[in-house]
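Going down the list, the sequences are from chains A and B.
In this text, residue positions in the first sequence follow this note's numbering: the first is 1, and each later residue adds one.
In this text, residue positions in the second sequence follow this note's numbering: the first is 73, and each later residue adds one.
Every residue, glycine too, gets a C-beta built ideally from N, C-alpha and C.
Fair warning: this is a prediction, and the values are worked out from it, not measured in the lab.
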Amino acid sequence: MALLFAAVPFVAMCFTVPLWDRIYPMVLGLPFNLFWLMLWTLLTPVCLWMAYRVEVSRNAKQSNSESGDEPQ
Amino acid sequence: MTAGMVAMLIICAIVGVGSLAGFYAGSRRTMDLEQWAVAGRGFGVVFVWLLMAGEIYTTFTFLGASGWAYSRGGPALYLIAYMPLAYAISFFILPPIWEIGRKYHLQTQPDFFQLRYGDKRLSALVALIGVIFIIPYLQLQLVGLGIIVEIASFDKIHRAPAMVGASILVAGFVLLSGVRGVAWVSVIKDFLLLFAALFIAFAIPHIYFGGFGPMFAQLAHAKPSHLVMPGATTNLGHSWYASSVLLSALGFFMWPQSFGASFTARNSDILRRNAIVLPIYNITLPLMFIVGYAALLVVPGLRDGDLSLLTVVRKTFPPWFLGIIGGAGALTAMVPASIQILTAAPCWLRI
């Protein structure tokens, strides 16, 4: 599941390049391809943060079951 | 005082302050190899971030990214893309590597391979490959420094003596202060580079064209093919882009210095959080592109694209400002060079 969130930037920035490698429409005065990569540079932390949430809750479950489901 | 002297004085002042901060940070602790190489595994998320941003964003970010945008155009975009993806990979691979590193007191990448596969020849090969590939990367930093000194002195000082001087300074600095010293200089370097990138990327288009919009409109009119792949090249198209981005992202943390920097973290969770925040620093790269694109319109026809950023800054701003940008660039070369030496040295011992 965490891997899925981390895969999103790969799809957006790497494999879909023919779809967004264009000048128009310009956004904020920038060519579309440059804008798109800047946008995803800032969205990658969001995706990784989601992955982090998944990992943390999974680890918490694991350590709970290892310690015999004792309440914190 | 000539313009070149003003610029050079400011560069020397910035490098001097940076080096002193490093020496000071190093001298406050008694030094053993564990402190020197991995800072006693005590860095929190802020310092790991500063150290990694410090060693990943090199003079290639500064002169090379703008140079690629200037000379090649569209294909340069791969530089922006692979970094955040490499951090996404690090989110998964660095925490387990760190756990093994702490358990067995590992300090370098060859140590890890020795432990994992139990073969001394394999770890020697890993060390050898690491050192061989660090050498050109180190050379790149020194050439960058040479270019900065050459342009900032208005061609009065040549590259070679500048590179020799910088090598001596970097070597002395690494010897005395270790990774902790480098992390402290990274603080200055990271902020200075970010400031420099933000300022010139907004100011230069504004001064010459009245903003990004008019500048890119003019560029799209004059050279529409330059802004998309394959740009000014013949063969760097979409398949090249996708394969290069994927390969660079997957392999990025095989760099021994990036692999090794992960051992400085206090715990493995810090490396996950670091992966989340590292892409934010990557925003300096597109800013450098904008400067490179602006230079294409303002100072066209340069023989070497790597000179474009500093040439356009020299043409636009007074010498003292060229000095600040040059000083930021000089630290941007020296911090990664220090970490590369710091990584190569223990690797060399394991060959």
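Would residue i and residue j be called neighbours here (beta carbons separated by less than 9 angstroms)?
i	j	result
I152/B	T41/A	yes
P351/B	L48/A	yes
F115/B	T336/B	yes
P49/B	T180/B	Since the first residue shown for chain B is 73 and the last is 423, residue 49/B is missing from the structure and cannot be characterised.
L44/B	A141/B	Since the first residue shown for chain B is 73 and the last is 423, residue 44/B is missing from the structure and cannot be characterised.
G303/B	A148/B	yes
D183/B	R386/B	no
L123/B	A333/B	yes
W202/B	P390/B	The sequence shown places Gly at residue 202/B, not Trp. No.
I220/B	I276/B	no
A79/B	L394/B	yes
G216/B	T131/B	yes
I348/B	F163/B	yes
G399/B	I206/B	no
F331/B	I169/B	yes
K228/B	G323/B	no
G250/B	A109/B	yes
L178/B	Q412/B	no
Quick check on residue i: buried or exposed, where buried means 16 or more other Cβ atoms within 10 Å of its Cβ?
i	result
K426/B	With chain B covering only 73 through 423, there is no way to say anything about residue 426/B.
D104/B	exposed
D69/A	Only weak support exists for where D69/A lies, its pLDDT of 47 falling under 50; the value from the coordinates is given anyway. Classification of D69/A: exposed, given that the 10 Å Cβ count is below 16.
D21/A	buried
T74/B	exposed
L212/B	buried
Q62/A	exposed
N307/B	exposed
I86/B	buried
Y176/B	exposed
K311/B	Here the sequence assigns Ser to residue 311/B, which means Lys is not the residue at that position. The residue in question, S311/B, is exposed, as its Cβ has fewer than 16 Cβ neighbours within 10 Å.
L3/A	exposed
P71/A	Any reading at P71/A needs caution, since the residue's pLDDT is 46, under 50, leaving its predicted position unreliable; the model's value is listed next. Classification of P71/A: exposed, given that the 10 Å Cβ count is below 16.
S57/A	exposed
G88/B	exposed
R252/B	buried
R53/A	exposed
H298/B	buried
F281/B	buried
D378/B	buried
P195/B	One detail in the question is off: residue 195/B reads as Ser in this sequence, not Pro. Classification of S195/B: buried, given that the 10 Å Cβ count is 16 or more.
M155/B	buried
L403/B	buried
I272/B	buried
L19/A	exposed
L37/A	buried
P9/A	buried
Going by C-alpha distance, which of the options is nearest residue i?
i	options	result
M406/B	L421/B, A75/B and G94/B	G94/B
G401/B	A224/B, G303/B and G237/B	A224/B
E171/B	S340/B, L217/B and R101/B	S340/B
W157/B	T44/A, F35/A, R53/A and N59/A	This sequence places Leu at residue 157/B; Trp is not what is there. Comparing Cα positions, the closest option is T44/A.
T383/B	G139/B, F132/B and A109/B	G139/B
S258/B	L92/B, G364/B, M80/B and A79/B	L92/B
G309/B	Y150/B, A111/B and F263/B	Y150/B
L270/B	D227/B, L291/B and M360/B	M360/B
N354/B	G399/B, E222/B, L265/B and L299/B	L265/B
S320/B	S249/B, W420/B, A109/B and I128/B	I128/B
A255/B	A409/B, I83/B and I165/B	A409/B
A12/A	P25/A, M26/A, L39/A and I23/A	L39/A
G145/B	M326/B, T305/B, I279/B and I272/B	T305/B
R338/B	A97/B, R113/B and A199/B	R113/B
V289/B	A60/A, Y24/A, F35/A and N64/A	Residue identity check: residue 289/B is Ala in the sequence provided, not Val. Residue Y24/A is the option with its Cα nearest to A289/B.
K295/B	R188/B, R345/B and Y365/B	Y365/B
V46/A	A97/B, G285/B and A160/B	A160/B
N33/A	M301/B, G90/B, V370/B and W392/B	M301/B
G218/B	F226/B, H230/B and P208/B	H230/B
A268/B	W420/B, N346/B, I397/B and F226/B	I397/B
What are the residues that DSSP puts in a beta bridge with residue i?
i	result
L210/B	Paired residues: none, contrary to the question.
F185/B	For F185/B, which the question treats as bridged, DSSP gives no partner whatsoever.
V27/A	L30/A
A148/B	The partner list for A148/B (beta bridge, DSSP) is empty, contrary to what the question assumes.
F115/B	A337/B
Kindly indicate if chain C contains any beta-carbon less than 9 angstroms away from that of residue i.
i	result
M360/B	Absent here is chain C; the protein component of the structure consists of chains A and B.
Item to check | Contact list for the stretch 111 to 129 of chain B against chain A, Cβ threshold 7 angstroms | outcome: none
Item to check | Residues in the stretch 33 to 49 of chain A having any Cβ partner in chain B nearer than 8 angstroms | outcome: N33, L34, L37, M38, W40, T41, L42, T44, P45, C47, L48 and W49
Next on the checklist: By the 8 angstroms beta-carbon criterion, what residues does the stretch 306 to 326 of chain B contribute toward chain A?
Outcome noted: H310, Y313, A314, V317, L318 and A321
Checklist entry - Just by C-beta distance, which residues in the stretch 20 to 31 of chain A are closer than 9 angstroms to chain B? => result D21, R22, I23, Y24, M26, L28, G29, L30 and P31
Item to check | Contacting positions in the stretch 327 to 355 of chain B - beta carbon closer than 9 angstroms to chain A | outcome: D341, R344, R345, A347, I348, V349, L350, P351, I352, N354 and I355
Item to check | Contact set between the stretch 279 to 310 of chain B and chain A, restricted to residues whose Cβ is under 7 angstroms from the partner | outcome: G283, F284, G285, F288, A292, P296, L299, V300, M301 and H310
Item to check | Cβ-based contacts, 8 angstroms cut-off: residues of the stretch 251 to 263 of chain B near chain A | outcome: none
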